[in-house]
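Comments concern the structure below.
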Amino acid sequence: MWVVKNRNWIVGIIGALMLVTLVLTFSWKPNLSIEFTGGTVITGEYASSSPSVTAIQESLESLELGTVRLQPLGEKGLVMRSRDLSQDEHAKVVALLSDGTNEFKETSLSTVGPSVGKELRQKAVLSVLLVLILIILFVAYAFRSVSNVVSSWKYGIVVVITLVHDIFVPTGVFVILSHYLIGYEIDTLFVTALLAILGYSVADTIVVFDRIRENLKNSPEIKPPGTEGLISESFADLVGRSLRETYVRSTNTSLTTVLASLAIFFFGGEATKHFALMLAVGITAGTYSSILLASPLLVLISGKSPKLKFEAQNKP
Amino acid sequence: MYMYICQVEGTRNLLYYGWVMKSRVYVVLILLAGMLLGYFTYSAQSAGSRWNFKLGLDLRGGTQLVYNADTSRLAGGDVDDAMSALRDVIERRVNLFGITEPTVQTETANIGVEGSQRRLIVELPGVSAIDEAVALIGQTPTLEFKTERLTEERDVILKKIEEIKKKQESGTDTSKDIETLKDPYYIDSQLTGRFLKTARVEFNSQTSEPYVSLEFNDEGANLFAKITRDNVGKNVAIYLDGQPISQPRVNEEITGGKAQISGGFTPQEAKLLAGRLNSGALPIPIALVASSKVGATLGEGAFERGTTAALYGYLAVIIFLIAWYRVPGLIAALSLAIYAVIVLALFKLLSVTLTAAGIAGFILSLGMAVDANVLIFERMKEEKKRGKQISVAIGEGFSRAWTSIRDSNISSLITAIILFWFGTSLVQGFALVWMIGIATSLFASLVITKMLMRAVYVGS
Chain A
211 MWVVKNRNWI VGIIGALMLV TLVLTFSWKP NLSIEFTGGT VITGEYASSS
261 PSVTAIQESL ESLELGTVRL QPLGEKGLVM RSRDLSQDEH AKVVALLSDG
311 TNEFKETSLS TVGPSVGKEL RQKAVLSVLL VLILIILFVA YAFRSVSNVV
361 SSWKYGIVVV ITLVHDIFVP TGVFVILSHY LIGYEIDTLF VTALLAILGY
411 SVADTIVVFD RIRENLKNSP EIKPPGTEGL ISESFADLVG RSLRETYVRS
461 TNTSLTTVLA SLAIFFFGGE ATKHFALMLA VGITAGTYSS ILLASPLLVL
511 ISGKSPKLKF EAQNKP
Chain B
24 MYMYICQVEG TRNLLYYGWV MKSRVYVVLI LLAGMLLGYF TYSAQSAGSR
74 WNFKLGLDLR GGTQLVYNAD TSRLAGGDVD DAMSALRDVI ERRVNLFGIT
124 EPTVQTETAN IGVEGSQRRL IVELPGVSAI DEAVALIGQT PTLEFKTERL
174 TEERDVILKK IEEIKKKQES GTDTSKDIET LKDPYYIDSQ LTGRFLKTAR
224 VEFNSQTSEP YVSLEFNDEG ANLFAKITRD NVGKNVAIYL DGQPISQPRV
274 NEEITGGKAQ ISGGFTPQEA KLLAGRLNSG ALPIPIALVA SSKVGATLGE
324 GAFERGTTAA LYGYLAVIIF LIAWYRVPGL IAALSLAIYA VIVLALFKLL
374 SVTLTAAGIA GFILSLGMAV DANVLIFERM KEEKKRGKQI SVAIGEGFSR
424 AWTSIRDSNI SSLITAIILF WFGTSLVQGF ALVWMIGIAT SLFASLVITK
474 MLMRAVYVGS
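Those protein sequence lines, which keep their order, are chains A and B.
Converting from the first sequence to our numbering requires adding 210 to each position, the first position being numbered 1.
Converting from the second sequence to our numbering requires adding 23 to each position, the first position being numbered 1.
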């Protein structure tokens with residue numbers, strides 16, 4: 211299989227792309243939603259078209275709210291983000307937002323205290339780490355039966371590297387979108403999408419690895435040395451064969467889920483549009499990574515092929 | 024020997040055809056059950072039905088308030104009791120809103136805070152006046168009974184007030200003087216709302232004016248008897264939240280521990296006051312840390328759009344399956360429809376709160392639920408290529424695909440559980456839908472698809 215043969219190239223390119231994502235994320239710093247930072251978001255509509263952002267900024271200056279981010283929403287709508295406001299301040303803001311006869315009607319309001327934001331931020335990081343650790347443990351356990359060829363821990367580690375890639379890609383896309391478009395914020399739904407991608411994408415990789423597990427069990431490789439009729443197949447070849455046998459189903463399972471997430475993106479509610487996009491991108495990344503990244507990586511970190519070991523033992 | 028083998032083959036065939044017949048009966052039963060369940064899900068969706076989908080705050084609009092409870096002054100064992108007492112009090116206060124299905128939940132936060140932080144989450148569907156809600160929930164009504172001050176003392180205080188007024192007029196700072204001022208007419212007694220047993224709204228039989236009747240506990244009754252005994256012929260003032268609301272004259276000692284507040288209330292006001300008095304004081308202090316309000320118009324249409332998206336999602340998935348796998352694809356489409364019906368019925372029966380994320384989770388699960396079918400069909404194809412009979416290939420397809428189906432579902436389940444733990448209520452909706460989806464999809468693909476496959480392929 212060409213994927214396994216060109217493993218160094220492929221892993222190198224994917225690694226470079228991940229590095230770019232990392233650099234972009236840290237240099238462009240996408241906005242965090244108030245769920246993570248604490249603050250107040252007021253959404254509302256003007257009776258007629260909304261006044262200019264600078265005019266609203268000026269009228270709010272007297273309240274000394276610090277940085278206030280204003281974002282028009284359509285012709286009449288407005289979203290205002292600021293530090294968390296007290297009930298008093300909130301009432302004053304809403305009064306000031308109304309521009310004479312052009313009344314501002316608040317449709318939604320959300321206030322999060324700084325302590326809650328900090329807590330959720332730590333919880334988000336912790337849950338991503340927890341999912342990764344539990345998946346390493348689970349995969350290492352599930353593949354223990356073929357541990358004599360390649361340590362089952364290595365399967366776990368490869369799965370997790372692949373998963374990290376799978377959440378890097380949608381994060382990168384999100385960072386780029388948030389850099390050029392307004393309205394993209396890292397919120398709890400974003401973290402939910404990442405976790406859902408982690409939990410789902412692992413299935414693809416498991417389909418391929420399951421075949422490797424099965425082929426290893428039926429392979430003459432694990433029979434004791436000196437057994438007659440020993441067909442020599444290196445670990446790399448076995449992985450290539452397993453991949454060839456399973457890449458269609460690994461792709462098809464994801465394709466149906468990508469179709470479903472596209473349905474949410476195009477036809478679903480406004481609130482879950484970004485969420486659906488992240489899922490579609492992440493699951494697509496998960497599909498090609500299980501073919502292009504997981505298997506080559508497994509061969510790379512398997513070290514010396516077990517076949518070579520047999521040859522060494524068979525030689526007098 | 025040969026005959027014996029034939030006999031065994033014969034019995035196997037018989038058993039086998041018996042099995043096929045049985046599986047066809049099962050298929051008919053499953054399809055019927057699916058249709059019934061589908062009919063239930065569809066027809067139970069009407070105004071006022073108890074089986075309606077329960078929509079989250081983000082979809083139907085409302086207010087959510089999150090409070091930190093201050094448990095620092097309590098011993099470890101008392102915290103749980105205090106929290107459940109707190110929830111009860113808040114629940115009673117929330118019920119005064121007279122809205123349907125308010126929820127009050129307690130929660131413990133361990134991450135990102137020192138030690139552990141107890142929280143109270145209040146959800147008020149349909150309430151948009153957030154400030155009013157905060158006021159009603161956070162405010163402890165203080166009921167106080169006060170007795171008349173001696174006339175000499177009263178005159179001293181009144182004189183002082185006059186002096187301060189004069190000072191104010193001349194422009195001197197009087198804030199310190201005002202602090203030392205006392206109520207000229209009344210002094211505190213020991214009797215407060217703490218001794219209250221119940222408060223009720225009643226109506227005066229002659230004027231049909233509403234009043235609130237109070238009943239004290241034993242200790243309160245004694246205090247009340249003492250106050251009335253000492254103050255016959257004088258006024259007793261009843262203060263609510265620091266404001267005098269009624270100053271009845273005492274005619275004689277009252278021993279039964281019952282009192283009335285009649286302050287020219289409307290029936291509505293009287294009801295609210297009685298409710299507030301009954302709800303009592305908070306056992307521990309709380310502080311508002313997060314609040315959100317969603318206008319009903321924002322959530323409007325999200326449910327309908329979700330339905331449309333689910334329909335298109337379903338169509339996209341089954342068109343792909345049928346195009347790629349033909350007859351098995353058609354079977355998977357049927358099995359997926361039954362899956363959807365079961366999941367939707369479970370949402371109703373378990374009254375799962377559907378949020379925007381939860382609806383997205385359901386649509387996503389339509390794509391995930393067929394994964395096991397895809398794995399099984401691919402395996403079947405493979406076994407058939409190796410020259411196995413279709414009936415054998417079906418069996419092998421199911422049994423050999425099982426390990427990868429099992430492992431991938433377990434990893435999804437691990438993630439869903441962590442997601443539920445991470446979640447705000449929005450995210451928990453998604454996680455819960457995912458978990459229900461995983462369990463149901465295993466049933467749909469391993470039982471229903473298998474039955475359908477047997478019925479269609481075997482014995483034909």
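Yeah, the Cβ is synthetic: ideal placement off N, Cα and C, and Gly gets one too.
Remember, predicted model here, so these are calculated numbers, not experimental data.
One Cα belongs to valine 356(A), the other to leucine 489(A), and the distance between them is close to 32 Å. Serine 139(B) has its alpha-carbon roughly 19 Å from the corresponding atom of valine 322(A).
Residues Ala332, Ala333, Gly336 of the same chain have their beta carbon placed closer than 6 Å to that of isoleucine 386(B), with the five preceding and five following residues left out of the count. Listed along chain B, no residue sits closer than 7 Å to alanine 305(A) by beta-carbon distance, the nearest being about 13 Å off. Leucine 373(B) and glycine 57(B) have their C-alpha atoms some 18 Å from each other.
In the three-state reduction of the DSSP assignment, asparagine 118(B) falls in the helix class. For aspartate 430(B), the three-state secondary structure derived from DSSP is helix. Excluding sequence positions up to five before and after glutamine 281(A), its CB lies within less than 6 Å of the CB of Val289, Ile392, all in the same chain and listed in chain order. For tryptophan 444(B) against serine 337(A), the beta-carbon gap comes to about 7 Å, under 8 Å, which counts as contact.
Neighbours of asparagine 425(A) in chain B, taken as residues at a C-beta separation under 9 Å, are lacking, since the least C-beta distance is about 12 Å. Between proline 506(A) and valine 230(A), the C-beta gap is not smaller than 8 Å, which leaves the two residues out of contact. DSSP lists Asp211(B), Ala260(B) as the beta-bridge partner residues of lysine 169(B). Check the Cα spacing between valine 157(B) and each of Tyr90(B), Tyr208(B), Phe218(B): the tightest is with Tyr90(B). When the five nearest sequence neighbours on each side are left out, the beta carbons in the same chain lying within less than 8 Å of the beta carbon of glutamate 299(A) are those of Leu273, Leu275, in order along the chain.
Among the residues facing chain B, phenylalanine 348(A) is included, as its CB has a counterpart in that chain under 8 Å away. Take threonine 378(B), set aside five residues on each side of it, and the residues of its chain with a beta-carbon closer than 6 Å to its own are Gly79, Asp81, Leu449, Gly452, in chain order. Contact annotation: the region 224-239 of chain B does not touch the region 169-184 of chain B, with fewer than three C-beta pairs closer than 8 Å. Using a CB distance below 9 Å, the part of the region 444-459 of chain B facing chain A consists of Trp444, Phe445, Gly446, Thr447, Leu449, Val450, Phe453, Ala454, Trp457, ordered along the chain. Counting C-beta atoms within 10 angstroms of its own C-beta, proline 148(B) has 16 or more neighbours from the protein chains shown and is therefore classed as buried.
Of all residues in the region 79-96 of chain B, only Asp81, Val89, Asn91 come within less than 8 Å of chain A when Cβ atoms are compared, listed by chain position. With 16 or more other Cβ atoms from the protein chains shown falling within 10 Å of its own Cβ, valine 341(A) counts as buried.
Only those residues of the region 423-443 of chain B whose C-beta falls short of 7 Å from the nearest C-beta of chain A are listed: Thr426, Ser427, Asp430, Ser431, Ile433, Ser434, Ser435, Ile437, Thr438, Ala439, Ile441, Leu442.
Partner residues in the beta bridge of glutamate 255(A), as assigned by DSSP, are Gly287(A), Lys315(A).
The beta carbons of glycine 61(B) and valine 364(B) sit closer together than 8 Å. Scanning Glu323(B), Ile307(B), Phe63(B), Ile309(B) for the CA closest to the CA of threonine 317(A) turns up Glu323(B). Here tyrosine 256(A) is buried. Its C-beta has 16 or more other C-beta atoms within 10 Å.
Using a Cβ-Cβ distance cut-off of 8 Å, the region 400-413 of chain A and the region 423-441 of chain B are in contact, since at least three pairs of beta carbons, one from each stretch, lie closer than that value. Assigned with DSSP and collapsed to three states, phenylalanine 353(A) falls in coil, not helix or strand. When secondary structure is reduced to three states using DSSP, glutamate 406(B) falls in the helix class.
The residue among Thr251(B), Leu367(B), Gly100(B) with its C-alpha nearest the C-alpha of leucine 59(B) is Leu367(B). Residue pairing from DSSP places glutamine 266(B) in a beta bridge opposite Leu263(B). Neighbours of threonine 331(B) in chain A, taken as residues at a C-beta separation under 7 Å, are given in chain order as Phe477.
Boundaries of the beta strand (DSSP E) around glutamate 238(B): 233-239. For tyrosine 335(B), the nearest beta carbon of chain A is closer than 8 Å to its own beta carbon. Under the DSSP assignment, phenylalanine 445(A) falls in the alpha helix (DSSP H) whose first and last residues are 445-477. Counting C-beta pairs with one atom in each stretch, the region 298-314 of chain A and the region 254-271 of chain A have three or more that are closer than 8 Å, which means they touch.
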